[in-house]
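If you're matching positions, the sequence shown starts at 2 in this note's numbering and goes up one per residue. Each residue gets a CB set at the ideal place from its N, CA and C atoms; glycine is no exception. One structure is given below, encoded as structure tokens.
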Amino acid sequence: MSEEKRDNLFKVTREGEENVLRIDFTSSRYSPNIEDSPTTMSLVIDALIENPDVHRIIFLARRNYVYDYKQTQILLEISNIYKFLVKQKKILTLNILLGIPGLDYYYSSWRNNIQNIIINLLKSDPVGACVELKRLVREENICIKNSQVQEEISLRNKYLQILEYLHTLLSETTLLNIVKDNLAGHIIGSRSIYKNVFRPLITPDFMFTRLMASPPLDGEEIDSYSLDEDTEVNIFKVPGDIKYLYHLNPPEFKIDEDKYEILDIARQAMVEHTPSKEEFTDPEKIRNTFFNIGRDLIQELAEHKGIELTYKESEGMAKILVRYTIGFGLIEILLKDPKIQDISVNSPIGETRIFIVHQDYDECVTNIIPAKDDGESWATKFRLLSARPLDEANPVLDTELLLPWARARVAVITRPLSPNGLAYALRRHRDEPWTYPLFIKGRMINSLAAGLLSFIIDGGRTMLFAGTRSSGKSSILGATMIEIMRKYKIISLEDTLELPTTSLRKLGYNIQTMKTRSALTKESSEMAADEGIRTSLRLGDSSLIIGEIRSKEAQALWEAMRIGALANVVAGTIHGADPYSVYDRVVNDLKVPKTSFKATDIIVISNPIKTADGMHKKRRVLQITEVRKHWEKDPLRENGFLDLMKYDSKEDTLKPSDDLINGESEVLKSIASNIKEYVGNWDAVWDNILLRARIKQTLVDYSIKLNKDSVLEAGFVILSNDTFHQISDRVREEVGYIDSKRVYFEWEEWLRREIKKDNMG
């Protein structure tokens, strides 16, 4: 091969901390993988001799074949041995034996053996070279044993020492150590043994992301399911790793070469159109536009090349095209999985795999390795989508990703905060809003807690949902919004849109969303959160929902609560492991006056509970606590906190306190004091809480009995709540009080009719 051709074939590029050797096979007649082709293996060894500081190898063809760091090191070891032996002229030419009597008779044959092994076999078939050396050693030992001539024995022993030296040199390599148990019966020239060592990541050439397509040989498959008819997920337990392997097999890795070529041409054509900033303000619209253009382009290209595509195939290819132009690649496929809760892309991107948190298997490692180019592309798109900066002056970006099938909160960090460059954390939200009945089924709360919270919400109290990270605070807040009657206006304030406001709007709620400046953003055209709260007070009587209380907006919020500016329920989330931690954070960190904190009525604490083996986590509400008003300095010392319900770890459920059962709650008394039927009648209050609890539990029971999860979803739960209030109002008008037995009977009759109607429909 000429030097000019060689220069065009090999190219070393720097990606992050890695040197990547790229070898172009687009016009080559050789197979672009080491395990199948001795010529390709020899070519790679030659390239590594010239470029010894390589960390990864990529063969560029219709598909890209990527050999990772470990596999590259195996090949580098062989190239270093080759380079060393070629310099050892005494061994290569057998000059080390010159001068020994009788050499002339054997010299030509022995030199040919040595040169064939070193010059030819070592580069193209190092395992074969080792096997051949072992055979020659065995032959020489037999010849020495059978020889009677001392000169011949002495000469052969010298030659044997060279063979044994070479055999030992090769036997101690990583490659031979891996395959040593499979050497018996190996035929020189056979490539099957290399398939156990070299397993490239194969990606389409329009993708930067690498995917370990083959499952681990020693892995034990413990689960499998499909995300759609083209995408499968397998969960493996891998020896030596405490994490499970989440193995994704997406459709882009299953299409044939002709379709790859069509996709590549279509992608190059579509990449020329750069979406404007205005187009990115409506992601759904631009996605549909690109999908329609892409589908038409794919059909035209297929027709031009004489390839028949079904409508379904062209639709599937158009979806792939959208993912790798304006989309987020395999991140979008991961977000299709409703069992995924978190996605982590750590820096330096390109060197580590994507990690996820799975609903059933907790922390898992995936078979996906994003490229540095992917990370840069995603960062640009998130800047456009959020209209927020991401640079050295603003190294943190909080935003959200909205796809037709999923919502996710996104946190991006970069230099100097992340010294190795970009990193991403995505929190996937449930497709439909959470509801109290869903939490009851999942044992996060019980029906009594749901009934109690429902009563408090109807009473228009102020509530804080606190807990550590990933404790389910935002999920419970979203479920609480479902409990607010649709007759009331809701205003939500968030710096990153996480609450299910779009779903609630579609379900008929009178809801206004306000997006405020991120607490981590220094300068922005967005309004600060405290100004947003003051603005919300001018938008009429409404329930106020705060996504998360983080900074100085807390002072404006408690000021509004204290002066009674908010007549309906006020709720928000805040970080805190227990009620006193919440008080400490609000008063000492966020500088809210102690007297203002008393405007808080209820604190709901949720946290993940670990199992004894430390391998699993369960999200649970640990306590529902009332904030009393008659304390001066320290609510903990002066009994300012009253637990209404507390988690019992032995029974894995919330238990009501004696204070709650005996009617000692000032918040519940305050609610009752404004309702004619409840004034001075604790039994009526408790009876109504139990009625609400019974209704929530009945929904769960019917769902399990009929295997009908739709009964627990937001649409049906809202309808159930509306019906409960309407029946309660009618019964009160007829008999003068809320007869719980009658209300429950009529409500259950309604439930049966709705389920029957739904089944018939």
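Legend entry - Every unbroken beta strand (DSSP E) inside the segment 329–399 [3 residues or more]: 341–346, 356–359, 363–367
Inset, instruction - Examine the ligand HEM and report whether any of its heavy atoms sits within less than 6 Å of the Cβ of Asp710. - result: You won't find the ligand HEM in this model; it holds no ligand whatsoever.
Legend entry - Neighbour-count burial assignment, His631, 16 or more Cβ in a 10 Å radius: Position 630 of the sequence shown, counted from the first residue, corresponds to residue 631. Exposed, since its Cβ has fewer than 16 Cβ neighbours within 10 Å.
Legend entry - Sequence-distant residues of the same chain with beta carbon closer than 7 Å to Ser658, five excluded per side: Position 657 of the sequence shown holds residue 658. The residues are Asp644, Leu645, Met646, Lys647.
Legend entry - Same chain, Cβ closer than 7 Å to Asp361, neighbours up to 5 away in sequence not counted: Within the sequence shown, residue 361 is the residue found at index 360, counting from 1. Taken in chain order, the residues that qualify are Lys340.
Inset, instruction - Spell out a yes or no on whether the segment 406–423 and the segment 459–466 are touching, meaning 3 or more CB-CB pairs, one atom from each, closer than 8 Å. - result: no
Inset, instruction - Check whether the Cβ atoms of Ile58 and Thr73 sit closer than 7 Å, and answer yes or no. - result: The residue you call residue 58 lines up with position 57 of the sequence shown. The residue you call residue 73 lines up with position 72 of the sequence shown. Cβ atoms of Ile58 and Thr73: closer than 7 Å.
Inset, instruction - Tell me whether Met761 is buried or exposed, calling it buried when 16 or more other Cβ atoms sit within 10 Å of its Cβ. - result: What you label residue 761 is simply residue 760 of the sequence shown in a count that begins at 1. Note that Met761 scores 48 on pLDDT, short of 50, meaning its location in the model is unreliable and no value can be drawn from it.
Legend entry - Bounding residues of the alpha helix (DSSP H) (the contiguous stretch that carries Glu262): Your numbering for residue 262 matches position 261 in the sequence shown. Glu262 -> alpha helix (DSSP H) spans 258–272.
Inset, instruction - Keeping to the same chain, check which residues put their C-beta closer than 7 Å to that of His187; ignore five residues upstream and five downstream. - result: As a first step, residue 187 must be located in the sequence shown, where it is residue number 186. For His187, the CB contacts under 7 Å within the same chain, skipping 5 residues up- and downstream, are Val128, Val132, Ile194 in chain order.
Inset, instruction - Find out if the Cβ-Cβ distance for the pair Asp182, Pro39 is shorter than 7 Å. - result: Counting from 1 along the sequence shown, the entry for residue 182 is found at position 181. Counting from 1 along the sequence shown, the entry for residue 39 is found at position 38. Cβ atoms of Asp182 and Pro39: not closer than 7 Å.
Legend entry - Whole-number beta carbon distance between Arg410 and Thr497, since they are thought to touch under 8 Å: One-based indexing of the sequence shown puts residue 497 at position 496. One-based indexing of the sequence shown puts residue 410 at position 409. The C-beta separation of Thr497 from Arg410 comes to about 5 Å, placing the pair in contact by the 8 Å criterion.
Inset, instruction - With Ser504 as the anchor, note down where its alpha helix (DSSP H) starts and where it stops. - result: Reading the sequence shown from its first residue, position 503 is the one you call residue 504. Counting along the chain, the unbroken alpha helix (DSSP H) around Ser504 starts and ends at 502–507.
Legend entry - Assigned exposure category for Ser544 - 16 Cβ within 10 Å defines buried: The residue labelled residue 544 in the question sits at position 543 within the sequence shown. Its Cβ being crowded by 16 or more others within 10 Å, Ser544 is buried.
Legend entry - Local Cβ density within 10 Å of Ser472, reported as buried at 16 or more and exposed below that: Residue mapping note: residue 472 aligns to position 471 of the sequence shown, counting from 1. Counting every other CB atom within 10 Å of its CB across the protein chains shown gives Ser472 a total of 16 or more, marking it as buried.
Inset, instruction - Please check the pair Tyr83 and Leu123, which I expect to be a contact at CB under 8 Å, by giving their CB distance rounded to whole angstroms. - result: Counting from 1 along the sequence shown, the entry for residue 83 is found at position 82. Counting from 1 along the sequence shown, the entry for residue 123 is found at position 122. Yes, Tyr83 and Leu123 are in contact; Cβ-Cβ is about 5 Å, under 8 Å.
Legend entry - Outcome for Met2 when other beta-carbon atoms lying within 10 angstroms are tallied against a minimum of 16: Counting from 1 along the sequence shown, the entry for residue 2 is found at position 1. Any reading at Met2 is ruled out, since the residue's pLDDT is 46, under 50, leaving its predicted position unreliable.
Legend entry - Separation of Ile728 from Lys742, as counted between CA atoms: Locating residue 742 in the sequence shown gives position 741, counting from the first residue. Locating residue 728 in the sequence shown gives position 727, counting from the first residue. Cα-Cα distance, rounded: 12 Å.
Legend entry - Burial state of Asp283, where buried means 16 or more other Cβ atoms lie within 10 Å: Position 282 of the sequence shown, counted from the first residue, corresponds to residue 283. Result: exposed.
Inset, instruction - Grab me the residues of Leu266's own chain with a C-beta within less than 8 Å of its C-beta, minus the 5 sequence neighbours each way, in chain order. - result: One-based indexing of the sequence shown puts residue 266 at position 265. It is worth fixing the name first, because residue 266 is Ile in this sequence and not Leu. So the list reads Leu302, once near-sequence residues are dropped.
Inset, instruction - Below 7 Å CB to CB, which residues in the same chain sit around Gly479 once its five sequence neighbours on both sides are set aside? - result: Stepping through the sequence shown from its first residue, residue 479 is reached at position 478. For Gly479, where only same-chain residues beyond five positions count, the Cβ hits under 7 Å are Pro434, Trp435, Leu500, Pro501.
Legend entry - Cα-Cα separation, Ile550 to Glu665: On the sequence shown, position 549 is the one that residue 550 refers to. On the sequence shown, position 664 is the one that residue 665 refers to. Whole-angstrom Cα-Cα distance: 29 Å.
Inset, instruction - Within the segment 140–170, note down every full beta strand (DSSP E) run reaching 3 residues or more, in order along the chain. - result: none
Legend entry - Coarse secondary structure for Asn640, derived from DSSP in three states: On the sequence shown, position 639 is the one that residue 640 refers to. Asn640: coil per DSSP, three-state reduction.
Inset, instruction - Inspect the CB distances between the segment 324–339 and the segment 195–212 and report whether three or more fall short of 8 Å. - result: yes
Inset, instruction - Check whether the Cβ atoms of Glu364 and Lys244 lie closer than 7 Å to each other. - result: For this step, residue 364 is matched to residue 363 along the sequence shown. For this step, residue 244 is matched to residue 243 along the sequence shown. For Glu364 and Lys244, yes; Cβs fall inside 7 Å.
Inset, instruction - Rank Thr463, Val718, Tyr738 by C-alpha distance to the C-alpha of Ile625 and give the top, closest one. - result: Position 624 of the sequence shown, counted from the start, is the residue given in the question as residue 625. Looking from the CA of Ile625, the closest CA among Thr463, Val718, Tyr738 belongs to Thr463.
Inset, instruction - Specify the secondary structure class of Tyr31 as computed by DSSP and reduced to three states. - result: By 1-based counting over the sequence shown, the position of residue 31 is 30. Note: Tyr31 maps to coil in three-state DSSP.
Inset, instruction - On a CA-only basis, which of Ser215, Tyr70, Pro205, Phe717 is nearest Pro53? Give me that one, please. - result: The count along the sequence shown starts at 1 and reaches residue 53 at position 52. Selected option, being the one with the closest Cα: Tyr70.
Inset, instruction - Specify the secondary structure class of Met761 as computed by DSSP and reduced to three states. - result: Residue numbering aside, residue 761 sits at position 760 when the sequence shown is read from its first letter. Unreliable placement is indicated for Met761, whose pLDDT of 48 sits below 50; no coordinate value is reported for it.
Legend entry - Asn20 - DSSP class collapsed to helix/strand/coil: On the sequence shown, residue 20 is found 19 positions in, with the first residue counted as 1. Note: Asn20 maps to strand in three-state DSSP.
Inset, instruction - Compute the beta-carbon to beta-carbon distance between Ile256 and Arg64, rounded to the nearest angstrom, for a pair I have assumed lies under 8 Å. - result: Within the sequence shown, residue 256 is the residue found at index 255, counting from 1. Within the sequence shown, residue 64 is the residue found at index 63, counting from 1. Their Cβ separation, rounded to whole angstroms, is 10 Å, which puts Ile256 and Arg64 out of contact at 8 Å.
Inset, instruction - Check whether the Cβ atoms of Glu627 and Val668 sit closer than 7 Å, and answer yes or no. - result: One-based indexing of the sequence shown puts residue 627 at position 626. One-based indexing of the sequence shown puts residue 668 at position 667. In this structure, Val668 lies closer than 7 Å to Glu627 by Cβ.
Legend entry - Through-space distance from Gly443 to Val588, alpha-carbon basis: Mapped onto the sequence shown, residue 588 falls at position 587. Mapped onto the sequence shown, residue 443 falls at position 442. Cα to Cα, Val588 sits roughly 34 Å from Gly443.
Inset, instruction - Go through its chain and collect everything with a Cβ distance to Ile46's Cβ below 7 Å, but skip five positions before and after it. - result: Within the sequence shown, residue 46 is the residue found at index 45, counting from 1. Counting only Cβ-Cβ distances below 7 Å, and skipping sequence neighbours, we find Leu76, Ile79, Ser80, Tyr83, Lys124.
Legend entry - Beta-carbon spacing of Leu336, Arg429 below 7 Å: Reading the sequence shown from its first residue, position 335 is the one you call residue 336. Reading the sequence shown from its first residue, position 428 is the one you call residue 429. Yes, Cβ-Cβ distance for Leu336 and Arg429 is below 7 Å.
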